[in-house]
Amino acid sequence: MAEFEATRGMPADSMIVYGVASDVEIMDRWLPRGLTVTGSGPGTVEAGGDLVPGAGPHEGLFRASDEQLRVEWGGRDHPGYSGWLQVSDAASGTSEVTVHISLLDEPGSGAHADEVRELLDRSLGQLADEVRRRVDDAG
Numbered sequence: 004m005a006e007f008e009a010t011r012g013m014p015a016d017s018m019i020v021y022g023v024a025s026d027v028e029i030m031d032r033w034l035p036r037g038l039t040v041t042g043s044g045p046g047t048v049e050a051g052g053d054l055v056p057g058a059g060p061h062e063g064l065f066r067a068s069d070e071q072l073r074v075e076w077g078g079r080d081h082p083g084y085s086g087w088l089q090v091s092d093a094a095s096g097t098s099e100v101t102v103h104i105s106l107l108d109e110p111g112s113g114a115h116a117d118e119v120r121e122l123l124d125r126s127l128g129q130l131a132d133e134v135r136r137r138v139d140d141a142g
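Take 4 as the starting number for the sequence shown in the working numbering and just add one per residue.
Spelled out as structure tokens, the structure:
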């Protein structure tokens, strides 16, 4: 079982960051290359791409909690995969995002684990870039 977690500061307040992070329509802008997500109905998404095991799209569960500024997801047909993203306030109008991913069938060390950590860090960087664009467009 492997658990991965990363935290990064964001250049906007928590509501703006949560708005970007929870919007399924724009997730492809900040998720890792090789992973696509589209809404497929209330509480569900379809995930596909090179990073998704197996052939074709897979159905996943998706829940965004506006009150908690939290997004949770999991694989319906891959129950060994789940994760969450939490946005919290920081100083001076900024915020912080923590992402946690659980991969029950994966080892927590080795080359694949290092790749997962790198993808997680890169995704948080891309999320910060997307948040920055949102702030610049509004400003």
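Where a beta carbon is used, it is the ideal one built from N, C-alpha and C, also for glycine.
- Segment contact: the stretch 77–94 against the stretch 51–69, three or more CB-CB distances shorter than 8 Å; contact assigned.
- In the DSSP assignment, the residues bridged to A50 are V40 and H61.
- For S25, the number of other beta carbons within 10 angstroms of its own is at least 16, and it is reported as buried.
- Annotation for M18: no beta strand (DSSP E) segment contains it, though the alpha helix (DSSP H) segment containing it runs S17 to A24.
- In this structure W33 touches L130 by the C-beta definition: roughly 4 Å separates them, less than 8 Å.
- For V119, the secondary structure class from DSSP, reduced to helix, strand or coil, is helix.
- The C-beta distance from R137 to V40 rounds to 18 Å, too long to meet the 8 Å contact threshold.
- With contacts defined by Cβ atoms closer than 8 Å, L127 and F7 do not form a contacting pair.
- Contact between V74 and V20 does not hold, since the beta-carbon distance rounds to 11 Å and is not under 8 Å.
- Comparing alpha-carbon positions, the option among D53, E49 and V27 lying closest to G37 turns out to be D53.
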